[in-house]
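Novice: Residue numbers for the sequence shown, in our numbering: 27 to 445. Backbone N, C-alpha and C define an ideal beta-carbon position, used for all residues, glycine too.
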Amino acid sequence: MRSLIAQTRSFPFPVRLLMANQFGINLGFYMLMPYLAGHLSGDLGLAAWTVGLVLGVRNLSQQGLFLIGGTLADRFGYKSPILAGCLLRTGGFALLGWVDSLPALVTASAATGFAGALFNPAVRAYLAAEAGEERRVDAFAAFNVHYQAGMLLGPLVGLALLAADFRAVCTAAATVFAALTLLQARALPRRRGAGEGSGGRGGVWDQWRRVVGNRSFLLFSAAMTGSYVLAFQVYLALPLAADAALGRQGAKATSGLFVVSAAVAVAGQLRLTGWAKRRLTPHQALVRGLTAMGTAFLPLALVPASVPVAELGALVVAVTVLAAGSAIVYPFEMDTVVTLSGNTLVATHYGLYNTVSGLGITLGNLGCGALWDFAHARDAPWLVWAVLAGTGGGCAVAVAALARTGRLNAAATARPATA
27 MRSLIAQTRS
37 FPFPVRLLMA
47 NQFGINLGFY
57 MLMPYLAGHL
67 SGDLGLAAWT
77 VGLVLGVRNL
87 SQQGLFLIGG
97 TLADRFGYKS
107 PILAGCLLRT
117 GGFALLGWVD
127 SLPALVTASA
137 ATGFAGALFN
147 PAVRAYLAAE
157 AGEERRVDAF
167 AAFNVHYQAG
177 MLLGPLVGLA
187 LLAADFRAVC
197 TAAATVFAAL
207 TLLQARALPR
217 RRGAGEGSGG
227 RGGVWDQWRR
237 VVGNRSFLLF
247 SAAMTGSYVL
257 AFQVYLALPL
267 AADAALGRQG
277 AKATSGLFVV
287 SAAVAVAGQL
297 RLTGWAKRRL
307 TPHQALVRGL
317 TAMGTAFLPL
327 ALVPASVPVA
337 ELGALVVAVT
347 VLAAGSAIVY
357 PFEMDTVVTL
367 SGNTLVATHY
377 GLYNTVSGLG
387 ITLGNLGCGA
397 LWDFAHARDA
407 PWLVWAVLAG
417 TGGGCAVAVA
427 ALARTGRLNA
437 AATARPATA
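1) By the three-class DSSP mapping on this structure, what secondary structure does Thr-325 have?
2) Among the residues of its own chain, which have a CB less than 6 Å from the CB of Leu-409, if the five just before and after it don't count?
3) Looking at Ala-415 and Leu-324, is the spacing between their C-beta atoms short of 8 Å?
4) Is the distance from the Cβ of Gly-96 to the Cβ of Leu-366 below 8 Å?
5) If I measure Cβ to Cβ from Leu-397 and keep anything under 8 Å in the same chain, skipping five residues before and after, which residues do I get?
6) Contact check, Leu-178 vs Leu-256 under 8 Å by CB: the rounded distance?
7) Which value, in whole angstroms, describes the spacing of the CA atoms of Ala-344 and Arg-212?
8) Could I get the ranges of all uninterrupted alpha helix (DSSP H) runs contained in the stretch 201-256, with 4 residues as the minimum, in chain order?
9) Using alpha carbons as the reference points, say which of Tyr-376, Ala-427, Gln-33 lies closest to Gly-219.
10) Does Phe-358 come out as helix, strand or coil in the three-state DSSP assignment?
11) Between the alpha carbons of Ala-208 and Thr-201, how many angstroms are there, rounded?
12) Which first and last residues belong to the alpha helix (DSSP H) in which Ser-87 is found?
13) Using beta-carbon positions only, say whether Phe-284 and Gly-176 come within less than 8 Å of one another.
14) May I ask which residues mark the beginning and end of the alpha helix (DSSP H) holding Gly-432?
15) Alpha carbon to alpha carbon, what distance is there between Leu-316 and Ser-332?
16) Pop quiz: Met-45 and Phe-166 are said to be a contact at Cβ under 8 Å. What is the actual Cβ separation, rounded to whole angstroms?
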């Protein structure tokens with residue numbers, strides 16, 4: 027904790043404020059979202075397909091509109107999308123607790139998703155610009171600790187408030203975002219990134235063409251997509267394995283896995299980043315982290331699924347190694363996106379990067395779900411874990427190849443057009 031406080035205080039005020047903002051964003055989000063499906067199906071009695079629709083709209087409106095959010099940030103400055111996103115999520119979360127008609131619920135869900143698309147690219151671009159090239163990796167490492175801390179505490183706060191009712195959860199979450207809106211409005215300085223003025227001269231289509239024309243960036247985005255599929259298995263394959271091994275106790279085990287994942291990131295992020303900076307180049311850190319993320323699934327392929335204790339132990343090992351690998355990757359990944367952008371239209375690059383990774387998660391989850399059914403129908407559960415491990419190895423090989431050919435160096439990025 028002392029190292030985190032010292033690290034956070036070493037950054038300029040806007041960076042510290044953005045870190046506190048991200049902690050609050052995740053606190054409010056995870057205070058509510060884990061319990062939304064239960065409210066929709068239980069309290070409101072909605073059919074399963076409508077619950078899926080409400081949740082799917084939120085994910086689609088966020089993942090599908092990241093590029094829009096990044097584009098707006100580069101054209102109009104970083105502060106405005108951050109404020110708009112926090113304000114929109116205030117209204118969306120408040121609405122979720124007080125409406126019961128499907129159109130209103132879908133509207134509220136879409137609003138909360140678009141809010142994330144607005145502030146996520148802007149926050150990361152602002153952080154990168156304010157921290158500077160020398161301290162970007164450290165800034166993103168500390169940022170991820172605050173991110174994970176909010177994810178860790180949010181469900182616990184939400185669970186306590188749920189003892190009253192779901193409206194109390196929604197009201198509290200909306201209050202958090204209202205406070206963040208006021209705080210950013212009063213204290214966050216306005217910031218325009220490099221390329222906002224000149225980058226927007228040719229219009230939005232020109233802005234998008236320049237980002238899409240950055241071949242090195244697109245190749246890196248594609249190479250990293252598998253890492254997001256692996257990280258998402260904390261929500262998909264690992265809970266399925268816990269349920270299969272432990273039956274009714276699987277839900278409790280899944281909650282424990284979430285806690286372990288966030289705790290590893292909170293406790294180990296700064297140490298792992300410091301170790302990687304001392305021992306590895308940024309590209310080597312990415313390769314090592316991706317390899318670790320893939321390796322995390324191997325214990326599950328080796329232990330017999332018929333032995334619940336062994337399966338539970340393998341799950342804990344898998345989550346721990348997966349979280350550690352993700353912690354190594356994250357700050358260097360975010361830094362590489364800025365490098366490949368040429369420090370121009372950074373938010374738009376982050377927006378497209380998030381859109382690509384979101385599409386990868388969707389397709390990856392469909393594939394993983396189908397593979398799960400196929401493997402278990404043939405009594406070969408190891409196949410799921412072997413494919414996931416291979417995915418991590420494939421991502422590592424792809425990134426290593428890009429680094430070896432010079433694709434990840436600043437000199438290899440697309441040059442901005444002359445104004």
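Specialist: Working from what's here:
1) Here the sequence assigns Pro to residue 325, which means Thr is not the residue at that position. Correct three-state label for Pro-325: helix.
2) Excluding residues within five positions, the ones whose Cβ falls inside 6 Å are Ala-401.
3) In this structure, the beta-carbon distance from Leu-324 to Ala-415 falls below 8 Å.
4) For Gly-96 and Leu-366, no; Cβs fall outside 8 Å.
5) Close CB contacts of Leu-397 within its chain, under the 8 Å cut and outside five residues either way in sequence, are with Leu-409, Val-410, Val-413 (chain order).
6) Not a contact, Cβ separation roughly 20 Å.
7) Using only the alpha carbons, I get a separation of about 43 Å.
8) Correct list: 222-225, 230-238.
9) Nearest to Gly-219 by C-alpha distance, out of Tyr-376, Ala-427, Gln-33, is Tyr-376.
10) The answer is helix: DSSP assigns Phe-358 an H, G or I state.
11) In the sequence on display, residue 208 carries Leu and not Ala. Straight through space, the alpha carbons of Thr-201 and Leu-208 are spaced by roughly 11 Å.
12) 74-89 is the span of the alpha helix (DSSP H), which, as asked, contains Ser-87.
13) Result no, Cβ atoms of Phe-284 and Gly-176 do not sit closer than 8 Å.
14) No residue range can be given for Gly-432, since it is assigned to no alpha helix (DSSP H) and is classified by DSSP as neither H nor E.
15) A straight-line Cα-Cα distance of about 29 Å links Ser-332 and Leu-316.
16) About 10 Å separates the beta carbons of Met-45 and Phe-166, which is beyond the 8 Å limit, so they are not a contact pair.
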